[in-house]
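In the working numbering, the protein residues as written are 91 to 233.
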């Protein structure tokens, strides 16, 4: 898979661990995030990841900021994006199963790096159930 990742200054360590894990699994990574702890604006990275996923340049996206909220809000401004703020692997699984989420948003200040890697693994290995959920997912985008 090709996966786009973006993060602000709260997430360089998280990104490094996630990218390492994904590369070991054979995935191709597009890095839009910062590698420093110097303050940056999370929307810049959320929009870049969302654009990759929306345009099919990436299969999935991963966004990381302090709370996970701001960067998810930015990504969700794109019509083809369903970014899910996740704080456990169970929530990550449900985001895929029930919401067909295509971007996972990770709150770096509220999860451990190990949790983040586990959530990403779960997210990428869980399929959308479709059925009654498809009807709901079809109603998410404003058209």
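Don't be surprised by glycine CBs; every beta carbon is placed ideally from N, CA and C. A quick note: this is a predicted structure, and the numbers were derived from the prediction, not measured.
Item: Are the Cβ atoms of residue 171 and residue 140 separated by less than 8 Å?; Value: yes
Item: Are the stretch 122-133 and the stretch 219-226 in contact at 8 Å, needing three or more beta carbon pairs?; Value: no
Item: Would you mind stating whether residue 135 and residue 214 have Cβ atoms separated by less than 8 Å?; Value: no
Item: Among the residues of its own chain, which have a CB less than 8 Å from the CB of residue 123, if the five just before and after it don't count?; Value: 95, 96, 97, 98, 101, 102, 105, 135 and 154
Item: Mind checking who residue 96 pairs with in its DSSP beta bridge?; Value: 153
Item: Roughly how many angstroms lie between the CA atoms of residue 132 and residue 229, to the nearest whole one?; Value: 27 Å
Item: What would DSSP say about residue 193, mapped onto helix, strand or coil?; Value: strand
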